[in-house]
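In our numbering, the protein residues as written are 82 to 317. Note that beta-carbon positions come from the ideal geometry of N, C-alpha and C, so glycine has one too. Every value quoted in this text rests on a predicted model; they were computed, and no experiment measured them. A quick write-up on the structure given underneath.
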Ligand SMILES: [Zn+2]
């Protein structure tokens, strides 16, 4: 889908309209936002334009601290990812770390194929290619291309959560204040986020947090409720 002409001019005028609407709807919104942040969620996701975390969570500016890269690869030696995790966990004291992969990920598709993308991209995608090689038999047994891409995205989230669980800042926060780590997958075709049951949550594929826990993230206009039977949304 080609971008429309004057896409940036349109975006700028759209911003003016949005800021006017938000300010009219709630005169305290921007002054309060400017006074500081205390997000409850750190989101680690893909750079894909179809996965804008705050939008798909139905939350608002100030609710989600974010790091996104191509194919949401969590590499322990990536100083960019590590700095974001450390600031969010140690300084902002987020309550949830959410790693989210997605369906139809271009990075996953590239890692599944043998063609080289070129430039620095092949280097960046090396961990995914290693994952493909390590799970070649299972992945090759999936005949549907879309399903195969979903499966490698799941494996990538599982591997990423393992790196997160080995991160010192995250380990300390889990022990000291019950930080929760979640591995999830966003299905672009339905708009739904599915919990994969990795991380601190023991609820399995339908649980977002540990058994018996209910945690509410209060957004500016809606609440995201994490429960053992899944995450729910209520609009105030
Ligand atoms: Zn992607």
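Buried versus exposed, by CB contacts within 10 Å (16 or more), residue i
i	result
residue 92	exposed
residue 106	exposed
residue 153	buried
residue 217	exposed
residue 274	buried
residue 88	exposed
residue 127	buried
residue 172	exposed
residue 109	exposed
residue 136	exposed
residue 124	buried
residue 280	buried
residue 155	buried
residue 241	buried
residue 243	exposed
residue 254	buried
residue 191	buried
Element boundaries [beta strand (DSSP E), containing residue i]
i	result
residue 150	145–150
residue 242	Where residue 242 is concerned, there is no enclosing beta strand (DSSP E), although the alpha helix (DSSP H) it sits in stretches over 226–246.
residue 269	Careful: residue 269 lies outside any beta strand (DSSP E) and carries neither H nor E.
residue 125	122–127
Element boundaries [alpha helix (DSSP H), containing residue i]
i	result
residue 217	217–222
residue 105	88–106
residue 160	160–167
residue 137	134–137
residue 84	Looking at the DSSP string, residue 84 is not in any alpha helix (DSSP H), and its letter there is neither H nor E.
residue 204	202–205
residue 112	110–115
For residue j and residue i, believed in contact at Cβ under 8 Å, the rounded distance
i	j	result
residue 166	residue 248	6 Å
residue 212	residue 236	5 Å
residue 227	residue 184	7 Å
residue 196	residue 209	Actually they do not touch by this definition, with Cβ atoms about 14 Å apart.
residue 266	residue 238	6 Å
residue 170	residue 256	Wrong, their Cβ atoms sit about 12 Å apart, outside the cutoff.
residue 276	residue 270	Residue 276 to residue 270, Cβ: 18 Å. No contact.
residue 120	residue 139	Between residue 139 and residue 120 the Cβ distance is about 15 Å, and since that is not below 8 Å, they are no contact.
Beta-bridge partners of residue i, as assigned by DSSP
i	result
residue 261	177
residue 183	267
residue 276	265
- Task: Determine, using beta-carbon pairs with one atom in the segment 131–149 and one in the segment 231–244, whether at least three such pairs fall under 8 Å.
- Result: no
- Sufficient close CB pairs (3 or more, under 8 Å) joining the segment 130–138 to the segment 101–116: no
- Query: Do the segment 260–273 and the segment 167–184 touch if we need at least three Cβ pairs shorter than 8 Å?
  - Reply: yes
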